[in-house]
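Chains as they are written, first to last, in this note's numbering: chain A, 136 to 1050; chain L, 127 to 337. Note that the Cβ used here is the ideal one computed from N, Cα and C, for glycine as well. Predicted model only: the values in this text are computed from it and were never measured.
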Amino acid sequence: MIRKAEAGPILPNVEVVTRKNVCTHCSVGCTVIAEVQNGVWVGQEPGWESPINQGTHCAKGASVRELTKGTRRVKYPLKLVDGVWQRITWDQAIEEIGNQLMEIRQASGPDAVFWLGSAKFSNEGAYLYRKLAAFWGTNNVDHQARICHSTTVAGVANTWGYGAMTNSYNDIQNSKALVIVGGNPAEAHPVSMQHMLRGKEHNRAPFIVIDPRFTRTAAHATEYVRIRPGTDIPVAWGLLWHIFENGWEDKEYIRQRVYGMDEVRAEVKKWTPEEVERVTGVPGPQLRRVAEALAKNKPSTVIWCMGVTQHTVGTANVRALSILQLALGNIGVAGGGANIYRGHCNVQGATDFGLDVSTLPSYYGLAEGAWKHFSRAWDVEYDFMKSRFASKELMEAKGIPTTRWFDAVLAKPGEIDQPSPLRAMMCFGHGGNTVTRMPDMVKGLEKLSLLVIADPHPTTFAAIKERRNGTYILPACSQFETDGSRTCSNRSMQWGEKVVEPIFESKDDYTIMYLLARKLGFADEMFKHITVENTRPVPEDILREMNRSCLSIGATGQSPERLKMHMKHQADFDKITMRASSGPCAGDYYGLPWPVWGHPEIKHPGSAVLYDTSKHVMDGGGVFRARFGVERNGVSLLADGSYSKGSEIEDGYPEFTMAVLKKLGWDKDLTPEETRVIQAIGGGGAEVDNVSWQTDLSMGIIRVALKHGCVPHGNAKARAVAWNLPDPVPIHREPIYSPRPELVKAYPAIEDRRDFRLVQLARSLQFKVADSDLRQRFPMILTSGRLVEYEGGGEETRSNPWLAELQQSMFAEINTKDAEGLGIRDGAWVWIHGPEDGSKAKVKALVTDRVGSGTVFLPFHFSGFWRGDSLRGNYPPNTDPIVLGEPANGVTTYGYDPVTFMQETKVTLCRVEPA
Amino acid sequence: MARMKFLCDSERCIECNACVTACKNEHEVPWGINRRRLVTLNDGKPGERSISMACMHCNDPPCAAVCPVDCFLQTEDGVVLHSKDLCIGCGYCFYACPFGAPQYPRTTDFGSRGKMDKCTFCAGGPEPDGSVEEYQKYGANRLAEGKLPLCAEMCSTRALMAGDGAILADIYQERSVRRGYGSGAPGWSTAYGRNDRGSPFAPGGPSTGGA
């Protein structure tokens, strides 16, 4: 019986243990069934019972077992000494890293360290990392949401209250029409396509794809609309123009539930079919057909992805599509909704639990009240937390986002709104090729005095040859080698069970964070109410602390016990409604999509469709959140005659506070214990009235609101006008590197500004580009996107032989006509030249009509080549990914969304030359 | 007796390669051997369609007809298997197969290509079911465990199906009827010509080309 178990088959007469976890790639959340023998993962079976994937996978999901074979994994801690990787022990690594961090803290303050976390953390890991940064004393903590859907979160949260997908993948089966804008789920979220194609077939639903590229998703569309990259707002307004012109909007819905639609009408009026065609290239009759399909086949859903979000107008794009759905009355309706496909397996959860420069967990923000709330929840003195920071101002100031960390390294003092430029980066689970402007990133990397990479793979950061000292790599294990919960795009939380022990010398994220906190001297405070076994914090305990503190998104009812029960009884859940009709979870929605109001004991079922007034709040119903006050310029912001089923208040109402309870006479419903907690939080004085559903740790206010059929966050109108954003009504702005300089003066970028501790150039750079001869020298539009075989920066997937075999070289899609003009044959080597820093990349040409004439597409998963040279020798031995290639971001350029500093990856300029 | 078949519904296939990596995973198929792969027609153009291809387990397999050492056998379920003990790596089956299914571990100008390898419909080979020898030569034997080929079980959109041919035909027919028009309806383009594809929003409507 002595045989290499990894070579299969399942050995006869050896016990097979079956374990259930969740795929570690995209946000669909496919159940993975692992068969384990002798502690080795030997077989992968379909998770038939999962209501989400129903046994299916894409190429990535079907190959996850390889991750624990680990041929290319980092096997032990490493240190870079004069360009040579040396093996060191964990003790030495933590000791040296800790000492250097303390030195930097002493000399330059806590804000000199950048804590980059991961959308591949579990929820518990994400929350713990945010807590770690807080105890260290900085808001310079971020993760991949910044570069994928930060603009979605900002856009939709500013429209109707919460920054998340409103419905679910499964719910698309109820849609009568689907429109996908700037998304390619056939490659990025393949398993979602089973729900979408069922919707298309069963409902004979129009399936419309709006994209500059004829994607594999478009191949299945009933209508494909090709647009010029960066013109999403004119397209959305172009659709709305037809809707308003023909009276197809839902007037009663708008009257009851939407604020400010008239201001939108005024802007939309400018976007006649002729102007839309001039700017976007889309013929008028085609958009009319699409508008009619959406308006006459209701409920219709709008699906978007990074083609909408990764723009200098990302937040405005998101808002425009949200307003389109509001006009059609499609939000809060099964089969409708804004179905926003998040990227990584836990990017929704990591966002929810605060891996972000602008907020503490659960979107509490950074104001004094937020810090006081978490100080109470963490059971530490507010003054202690304050003492960890350089100042109260910096404690309440947004940090430096991951799109700009290298600008913060290279900044001179005075250019940056903190005492010191960044000097160290702690990088957990994040690729090095994911951010635009890599030539500048390399300069920043070179200048960092300390770089720590905690990851299963070395990442691009480790392979940049300019850096020769001061880099450490800590082998972190994958989510298959630990346990914890992760949140899918539809807000369902799934508990993943440890499949095998961490392989080689790797450790899980919780342990690494604990070791660091202990070395840095705040482990006792940080883990006050979290059990630590040996050096491993128990994830169930972390989740319980989250349940106690994350009231504002209703992440309170998802106890570890309930989540584990859902995983065990997956078969009881309906495959479309995701609701269990029998078994111990009867009545619950699968994975308890938040908000799951109140204590787990009150058994709120979760909210499958957000803002759905047709259901009682205790049945998963909801209303738009009263987040922006009760009136503006004399106009009420509260809902008008619209309320969730069974609500005792049959109209709009503000968010619940102690004062509101008193006014309604409902404070008598509080138990003495709840009243005691509220009094204590309010300090006993007048402040007691200000204790709200968000800060009442007893959850009494929430309980009482629910008892009366009301939603704790109040019942308001959604905002078509978001007056706090740079463009309250979205307006079209040309990209910084616009391919249409003649449109720049009419549709200029936003004015230069400062935010996130840095300067943001926009209009000045755009005008400079438009006035130069750059357009002549760089005549093509450059855009980027995903491939099905790889994910993110791609180090992990390019290290998996089953996937790597399918995509062996980096390429650029070039239109047939363009290729002919340039004398480029399919498969030939070409240089892609970018307009900044003399940047260039050598890639293979894929000559295809998939992209329109004048457009070049690059997939963004490659790295390990730089301007024609291989970096293979720079990786630590035996950890280099099988497939290397030029990173798309080697040639991308400057440009950021003003609200979130999202990077522009979808429109810049380039020149193609035969190599 | 059931006759095992694969059927790939091109209206559903999104070229995600799940079938390909599921196969690699289940059988530990080495780099360079592709028991299953995707074929795309009109790549990047309106009318683009993909199907997943492997050994189609023919009723009357041409590979078996040309094999000089008679290494092929057909199971009672109609699955075409072969014996690697008998195979001499001559490559005749490769020339005979209309689907490009046979794979070889070596390519040399002269001499053997090595033992032929191909999709087994997850049914192993002539060795005893589930034995270590069977796995090492042919991979897992899922059929013996009452399971179907993993490629089809894991297909992201239920495009690739495997099982009793009669049942697959029923499923496909039900889907076609439900789709009801345009390229989803069998024979649509034969009846109405390629230029009339039904309503603009029907699958395969004018803007996308369709079937």
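Looking only at C-alpha atoms, which of Thr646(A), Leu650(A), Pro1033(A) sits nearest to Arg671(A)?
Here residue 671(A) corresponds to residue number 536 of the first sequence, with the count starting at 1. Of the candidates Thr646(A), Leu650(A), Pro1033(A), Thr646(A) places its Cα closest to the Cα of Arg671(A).
Which runs of the alpha helix (DSSP H) at least 4 residues long sit entirely within the segment 785-854 of chain A? Give them in chain order.
Entirely contained in the segment 785-854 of chain A, the alpha helix (DSSP H) runs reaching 4 residues are, in chain order, 793-799, 807-817, 835-842.
Against chain L: residues of the segment 191-213 of chain A by CB proximity under 9 Å
From the segment 191-213 of chain A, only Thr191, His192, Cys193, Ala194, Lys195, Gly196, Ala197, Ser198, Val199, Arg200, Glu201 have a Cβ closer than 9 Å to chain L.
Can a CB atom of chain L be found closer than 8 Å to the CB of Thr349(A)?
As a first step, residue 349(A) is located in the first sequence; it is residue number 214 there, counting from the start. One detail in the question is off: residue 349(A) reads as Phe in this sequence, not Thr. Yes, Phe349(A) lies at the interface with chain L (some Cβ there is under 8 Å from its Cβ).
For the putative contact between Gly478(A) and Gln460(A), defined by C-beta atoms under 8 Å, what is the C-beta separation to the nearest angstrom?
Taking the first sequence and counting its residues from 1, the one referred to as residue 478(A) is at position 343. Taking the first sequence and counting its residues from 1, the one referred to as residue 460(A) is at position 325. Your pair Gly478(A) and Gln460(A) does not check out as a contact, with CB atoms roughly 21 Å apart and the cut at 8 Å.
For Gly310(L), which of helix, strand or coil comes out of DSSP?
The residue you call residue 310(L) lines up with position 184 of the second sequence. Residue confidence for Gly310(L) is low, a pLDDT of 49 falling below 50, so the modelled location carries little weight; the figure read from the coordinates is stated next. Secondary structure at Gly310(L): helix, using DSSP grouped into helix, strand and coil.
Among Leu133(L), Cys139(L), Lys131(L), Cys189(L), nearest to Arg351(A) - alpha-carbon criterion
Working through the first sequence from its first residue, we reach residue 351(A) at position 216. The shortest C-alpha separation from Arg351(A) is found at Cys139(L).
Classify Glu141(L) as buried or exposed, calling it buried when 16 or more other Cβ atoms lie within 10 Å of its own Cβ.
Here residue 141(L) is taken as the residue at index 15 of the second sequence, counted from 1. By the 10 Å Cβ count, Glu141(L) comes out buried.
Leaving out the 5 sequence neighbours to the left and right, which residues in its chain are closer than 8 Å to Ser584(A) when beta-carbon positions are compared?
Reading the first sequence from its first residue, position 449 is the one you call residue 584(A). The residues are Gln235, Ile239, Arg558, Ala559, Gly605.
Do Leu490(A) and Ala261(A) have their beta-carbon atoms positioned less than 8 Å apart in this structure?
As a working note, residue 261(A) is residue 126 in the first sequence. As a working note, residue 490(A) is residue 355 in the first sequence. A Cβ-Cβ contact shorter than 8 Å links Ala261(A) with Leu490(A).
If we count Cβ pairs, one from each stretch, closer than 8 Å, do we get three or more for the segment 820-831 of chain A versus the segment 870-884 of chain A?
No, the segment 820-831 of chain A is not in contact with the segment 870-884 of chain A.
Take Leu545(A) as the anchor and find which of Asp575(A), Phe639(A), Gly365(A) has the nearest alpha-carbon.
Residue mapping note: residue 545(A) aligns to position 410 of the first sequence, counting from 1. Comparing C-alpha distances from Leu545(A) to each of Asp575(A), Phe639(A), Gly365(A) shows the shortest one belongs to Asp575(A).
Please compile the residues from chain A whose C-beta is within a distance smaller than 7 Å of the C-beta of Arg304(L).
The count along the second sequence starts at 1 and reaches residue 304(L) at position 178. Listed along chain A, the residues sitting closer than 7 Å to Arg304(L) by beta-carbon distance are Glu336, His337.
Within chain A, partners of Arg94(L) - CB distance below 8 Å
Because chain L spans 127 through 337 in this model, residue 94(L) falls outside it and cannot be assessed.
How many angstroms separate the CA atom of Leu941(A) from the CA atom of Ser178(L)?
In the first sequence, the residue the question calls residue 941(A) occupies position 806. In the second sequence, the residue the question calls residue 178(L) occupies position 52. The straight-line gap from Cα to Cα measures roughly 14 Å.
Could you tell me whether the Cβ of Gly345(L) comes closer than 8 Å to any Cβ of chain A?
Nothing can be reported for residue 345(L): it is not among the residues displayed for chain L, which extend from 127 to 337.
Within its chain, find whatever has a CB closer than 6 Å to the CB of Trp729(A); leave out the 5 residues flanking it on each side and keep chain order.
Residue mapping note: residue 729(A) aligns to position 594 of the first sequence, counting from 1. Excluding positions up to five away in sequence, the list reads Arg626, Ile688, Gly689, Ala690.
Give me the Cα-Cα distance between Cys79(L) and Lys263(L), rounded to the nearest whole angstrom.
In the structure displayed, chain L extends from 127 to 337; residue 79(L) sits before or after that span and is not available.
Positions along the segment 263-282 of chain L whose CB lies within less than 7 Å of some CB in chain A
Per Cβ criterion, the list reads Ala266, Glu279, Met280, Cys281, Ser282.
From which residue to which residue does the beta strand (DSSP E) around Trp630(A) run?
By 1-based counting over the first sequence, the position of residue 630(A) is 495. Residue range 628-631 is occupied by the beta strand (DSSP E) that includes Trp630(A).
Are at least three pairs of beta-carbons, each pair with one atom in the segment 973-981 of chain A and one in the segment 917-934 of chain A, less than 8 Å apart?
The segment 973-981 of chain A makes no contact with the segment 917-934 of chain A: fewer than 3 CB pairs, one atom from each, lie closer than 8 Å.
Short of 6 Å in beta carbon distance, which residues of its chain neighbour Ser899(A), apart from the five on each side in sequence? Order them along the chain.
Here residue 899(A) is taken as the residue at index 764 of the first sequence, counted from 1. Within its own chain, the residues whose Cβ lies closer than 6 Å to the Cβ of Ser899(A), once the five positions on either side in sequence are excluded, are Asp887, listed in chain order.
Given a threshold of 16 other Cβ atoms within 10 Å of its Cβ, counted over all protein chains shown, does Val177(A) qualify as buried or as exposed?
Within the first sequence, the letter at position 42 stands for residue 177(A). A residue is called buried when at least 16 other Cβ atoms come within 10 angstroms of its Cβ; Val177(A) meets this threshold and is buried.
Bridge partners - Gln229(L), DSSP secondary structure assignment
As a working note, residue 229(L) is residue 103 in the second sequence. Paired residue(s): Asp243(L).
Under the three-state DSSP convention, the category Ser522(A) falls into
In the first sequence, the residue the question calls residue 522(A) occupies position 387. Helix at Ser522(A).
To which residues of the same chain is Gly817(A) closer than 8 Å at the C-beta, ignoring the five residues directly before and after it?
Walking along the first sequence from the start, residue 817(A) turns up at place 682. Only residues of its own chain outside the window of five on either side were considered, and among them Met793, Val823, Asp824, Asn825, Val826 have a CB closer than 8 Å to the CB of Gly817(A), listed in chain order.
Do Arg1007(A) and Glu1020(A) have their beta-carbon atoms positioned less than 8 Å apart in this structure?
Locating residue 1020(A) in the first sequence gives position 885, counting from the first residue. Locating residue 1007(A) in the first sequence gives position 872, counting from the first residue. Here residue 1020(A) is Gly; the residue named in the question, Glu, does not match the sequence. The answer is no: Cβ separation not under 8 Å.
Using a Cβ-Cβ cut-off of 8 Å, state whether Cys142(L) counts as contacting chain A.
Locating residue 142(L) in the second sequence gives position 16, where the first residue counts as 1. Yes, its Cβ sits closer than 8 Å to a Cβ of chain A.
Rounding to the nearest angstrom, what Cα-Cα distance links Lys404(A) and Leu422(A) in this structure?
As a working note, residue 404(A) is residue 269 in the first sequence. As a working note, residue 422(A) is residue 287 in the first sequence. The straight-line gap from Cα to Cα measures roughly 15 Å.
Which of the residues in the segment 981-993 of chain A, read from start to end, lie with their CB under 7 Å from any CB of chain L?
From the segment 981-993 of chain A, only Thr983, Asp984, Arg985 have a Cβ closer than 7 Å to chain L.
Amino acids of chain L, ordered along the chain, whose beta-carbon sits closer than 7 Å to that of Glu924(A)
Sequence index remark: in the first sequence, residue 924(A) carries index 789 (1-based). Those within 7 Å of Glu924(A) in chain L are Asn143.
Cβ neighbour criterion (16 or more within 10 Å) applied to Trp506(A):
Locating residue 506(A) in the first sequence gives position 371, where the first residue counts as 1. Trp506(A) should be labelled buried.
Return the residues of the segment 186-206 of chain L that lie within a Cβ-Cβ distance of less than 8 Å from chain A, sorted by chain order.
Residues passing the 8 Å Cβ filter: none.
Using a Cβ-Cβ cut-off of 8 Å, state whether Glu174(L) counts as contacting chain A.
For the purposes of this step, residue 174(L) is taken as the residue at position 48 of the second sequence. So yes, Glu174(L) belongs to the interface.
Using three-state DSSP, classify Tyr872(A) as helix, strand or coil.
The residue labelled residue 872(A) in the question sits at position 737 within the first sequence. Tyr872(A) carries a coil assignment under DSSP once its states are collapsed to helix, strand and coil.
Sequence-distant residues of the same chain with beta carbon closer than 8 Å to His592(A), five excluded per side
Reading the first sequence from its first residue, position 457 is the one you call residue 592(A). Correct list, in chain order: Arg207, Arg208, Val209, Glu930, Glu931, Ser934, Thr1014, Pro1016.
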